[in-house]
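Shown next, in structure tokens, is the structure this report addresses.
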Amino acid sequence: SVNLPTRDGSYYLTTPIFYPNSVPHIGHLYTLVTGDILARHARLTRPDRPVHFLAGTDEHGFKIQKAAQERNLEPLTFVDELSAHFRNLAERTDTSHTRFIRTTERDHYDAVQHVWRDLDSKGLIYKGTHQGWYSVSDECFYPDSQVSRVKSPRHDAEITVSTETGSAVEWAEEENYKFRLSAFRESLLARYESDKNIVYPPQQHANVLGMLSLPLEDLSISRPRTRLHWGIPVPNDPEHTMYVWFDALTIYLTGAGYPWKTAEERTLTHWPPNVQVIGKDILRFHAIYFPAMLQALNLPLPRRLLAHSHWTVNRQKMSKSVGNVADPFQAMNHLGVDLVRYYLARVGGRFKDDVDWSPEQLEKHALELQSLLGNFYLRITAAAIRKRLPNDIDTQTLLPELHEVPELNADVVALQNLSLIVDEHLQAFQVTEALEHIIHQLRAANQMLTVTEPWAKSTPPGLTQQVYALSLETLRVCGILLQPFIPSKAEELLNALGAPASMRTWRHGRYAGGAVGDVLPGVKLFVRPPRPS
Ligand code: ME8
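Just so you know, the sequence shown maps onto residues 159 to 691 in this note's numbering.
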């Protein structure tokens, strides 16, 4: 149709907008870091293509209304304060978002109202009564079949909870506006059946197919204003406030400039997202509700959804409501941003199984990187090696001979394919696997030093030179490929190697795809002295 927006050729990635009902925890950092790795990778592999990366906060709804009330604050004053914590988190962790958006912003208000009017004009919204169990913590209704009675340890009485999330629910019976979600089941099912790669990992794709195998109930999308006043009003019916998820999901459209008013605006948009990063807890909203809204709006659907698993504490999901949270700022103050990013990606980058948060594991993996990267740098630039090299050594000319040097094992020579392999894994959202290949390469290079002893008098000078050249090339290549994961340490490394700033894209991360310059000896990449590997 003429009205369909066309892509401007850029790349669009989104993370969930978080509820600022309390301060951020490691789970939020993890989502931001995951998104950031993919966004940075996208920029490095196609530097000519703009990347839009949307992050932000979800500021309306019962949960916020209640939290503000408990602190005796106006909701807006309350979210102003708390949203800033999430913005700080994104900035502190070098997240390369291009917009930090808040649902209390004016352009979002307009976008949401526009979505409502459009669906209403198509006869897809109607008024009805709704009965169900509402969870404030999850901000959604559950039918009878999805709740259970449990004994509450706090109140010494039986309470009703959501069977899936364990959060308390209350019976609500009210007049609501509803969206005809039920009408979209078949078309959504057909889409997920025809392309099994939409949701990653595959088990979450299967999960979505499972959800769509049963009839969908129409979705209640408003609350009486008497109960929920903190939100966007329903157009032409101020007695009703929009349901927070209806408002929140629309943020991704707002972030792409919706509603596009002119033909020109429509041809400039970056809609739809190439990828949406979310936690598996909000899969239903992103894999079913939002795509249904988009189909109803006659807009293209996001291409891929990465639904990651959860960080747990003693196997229980880390969450604000439970209060079992690890403080990301504390971890970063202790180890620096990049070692925390490294740990989250290294251990949490498979996205399949939940991971238990562990300060010991964090330390252990920090040490791994300090040793394999930081210590390796110090070893290869040590005076004992430098004094065995000619003054005018040109490491690049030594490289092509590599495969002819029998002392260098196959793992080291595999450096030639590293950028390709890491690229393939990142394209496929296999973040841990991508990192593992880089680490494996660094381990092989460290091993090469130990075996060839380039500092020793007994080692032929020619071999010392080749080992030196190959070590620097390993550091250069790994430095480039590590940029998405640990951006500031990678930059320090590439600076120390004298790698030209204009030669740090993925293409230059190929073997012999760039050069080092004046290599600075003795640069300590990590503050704590690295221990030998
Ligand atoms: O759900 N492990 O906001 P939210 C990993 N406002 N990731 C976690 C996590 C954990 N233990 N806990 C939270 C909302 N997350 C809505 C979203 S989007 C239109 C609206 C991450 O503050 C994960 O990405 O509860 C999860 O999906 C998100 O935070 C939920 O954040």
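Cβ coordinates follow ideal geometry from the N, Cα and C atoms, glycine included.
As the structure is a computational prediction, the values presented were derived from the model and not from experiment.
Contact set for residue i: own chain, Cβ-Cβ below 7 Å, skip 5 residues either direction
i, result
"L372", "none"
"R499", "V191, T251, F643, I644"
"I440", "P174"
"L346", "L370, I446, P449, A450"
"R207", "G167, S168, Y169"
"D676", "G656"
"T321", "Q304, V305, S306"
Spatially closest choice to residue i from the options, by CA coordinates
i, options, result
"N334", "Y284, H523, R537", "Y284"
"K647", "T172, L455, Q528", "Q528"
"Y501", "A315, R198, S479, W469", "W469"
"T215", "F176, T318, L247, G506", "F176"
"T323", "E316, L339, D296", "D296"
"L420", "T164, I446, V677", "Sequence inspection shows Thr at residue 420; the Leu mentioned does not correspond to that position. With distances taken between Cα atoms, T420 lies closest to T164."
"Q202", "V273, R537, H666", "For the sequence presented, residue 202 should be read as Leu rather than Gln. Selected option, being the one with the closest Cα: H666."
"G620", "A659, L566, A406, V294", "L566"
"R442", "L367, A414, P391", "L367"
"A450", "T321, L370, F587", "L370"
"S168", "K309, N432, H398", "N432"
"S340", "T617, N394, S310, L282", "L282"
"R383", "E375, T399, V392", "T399"
"R349", "R634, F684, I259, R462", "R462"
"S479", "A213, A414, K221", "K221"
"I259", "D552, L411, E526", "L411"
"G413", "S306, D268, L530", "D268"
"R385", "H255, L547, L655, V294", "V294"
"Q361", "N549, L464, D376", "L464"
"H332", "E397, H218, D276", "With the sequence shown as reference, residue 332 is identified as Glu, and His is not the correct amino acid for it. With distances taken between Cα atoms, E332 lies closest to E397."
"H243", "P460, L374, V181", "V181"
"G481", "E649, P618, H598, S325", "S325"
"P417", "E232, N549, L547, D276", "D276"
"H595", "Q574, P301, A614", "Q574"
"L578", "L630, A614, G671, H492", "G671"
"R257", "L212, K224, T622", "L212"
"I551", "T622, V327, E217, E249", "T622"
Rounded separation between residue i and residue j - CA only
i, j, result
"M490", "P178", "20 Å"
"V402", "P517", "35 Å"
"P688", "L593", "Caution applies to P688, whose pLDDT of 41 falls short of 50 and renders its modelled position unreliable; the model cannot decide the point."
"K475", "T318", "20 Å"
"D265", "I409", "10 Å"
"I379", "K682", "55 Å"
"W291", "S303", "10 Å"
"L651", "K522", "21 Å"
"R343", "L536", "59 Å"
"A524", "R601", "15 Å"
"N355", "H363", "8 Å"
"T173", "P612", "47 Å"
"P690", "R424", "Caution applies to P690, whose pLDDT of 44 falls short of 50 and renders its modelled position unreliable; the value that the coordinates give is listed next. In a straight line, the C-alpha of P690 is about 57 Å away from that of R424."
"A503", "T590", "6 Å"
"Q554", "P205", "25 Å"
"E239", "H210", "26 Å"
"V270", "A627", "58 Å"
"P430", "V495", "31 Å"
"V505", "S467", "12 Å"
"H288", "L171", "35 Å"
"Q599", "V685", "23 Å"
"R634", "E526", "18 Å"
"C298", "K309", "22 Å"
Same chain, Cβ closer than 8 Å to residue i, five either side skipped, listed in chain order
i, result
"P679", "T539, A540, A541, R544"
"L584", "I195, L196, H199, A592, P642"
"R473", "D512, D514"
"L187", "L247, T251, P486, V498, L502"
"P391", "R383, H398, T399, M400"
Beta-carbon proximity list for residue i, same chain, < 6 Å, skipping 5 on both sides
i, result
"G286", "K336"
"V483", "H183, M476"
"L426", "D166"
"R508", "T590"
"V273", "T408"
"P311", "none"
"Q519", "none"
Residues bridged to residue i (per DSSP)
i, result
"M400", "S380"
"K118", "Here the chain covers residues 159 to 691 and nothing more, so residue 118 does not appear."
"G219", "Paired residues: none, contrary to the question."
"D166", "For D166, which the question treats as bridged, DSSP gives no partner whatsoever."
"I436", "A465"
"E316", "K309"
"D276", "According to DSSP, D276 bridges with nothing at all."
"A213", "F258"
Fill in: Closer than 6 Å to the ligand ME8: residues, by C-beta to nearest heavy atom, in chain order
P174, I175, F176, Y177, G185, H186, Y188, T189, D216, A406, L407, I409, I436, G437, D439, I440, H468, W469, K475, M476, S477
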